[in-house]
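Presented below is the structure to which this report refers.
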Amino acid sequence: MSTAARRESIPLTDDDLAVLERLLQSSSLERRALEQLSDEVGDSKAAVLHALLVVGIDAVRERAREDGYRELLASRDADDEAEIRTARRRQMADWGDE
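Count the sequence shown with this note's numbering and you get residues 211 to 308, in order.
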């Protein structure tokens, strides 16, 4: 684990605290799920919260990548498709000449 660069205070609801308590129990379903999602969980509250943060950040990054790919695909227009088809035909013709 990398060294802590900074500590932040975050508000936690009663529900958040209840989940955190379950995450601190090694036999809980929540703890096992977190261990499957995270490389390094740790035993302290701070370590568990950090693991949750890392899992959340990874999920946000993955969603952003997926959205970016969708936007990229949506931005391709008919001219792009025609250009790709032409390039493929040329390549196929070149292969046929070999």
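We put the beta carbon where it would ideally sit given N, CA and C, even for glycine.
Collapsed DSSP secondary structure at S285 in the structure displayed:
helix
Give me, in chain order, the residues of the same chain whose beta-carbon lies closer than 7 Å to that of L233; leave out the 5 immediate sequence neighbours on both sides.
E240, R241, L244, V258
So, is A261 buried or exposed, given that buried needs 16 or more other C-beta atoms within 10 angstroms?
buried
Please report how far the alpha carbon of V229 lies from the alpha carbon of L247, in whole angstroms.
16 Å
The alpha helix (DSSP H) enclosing A228, as first and last residue numbers:
224-233
Can you tell which of D226, D277, D289 has its C-alpha closest to the C-alpha of K255?
D226
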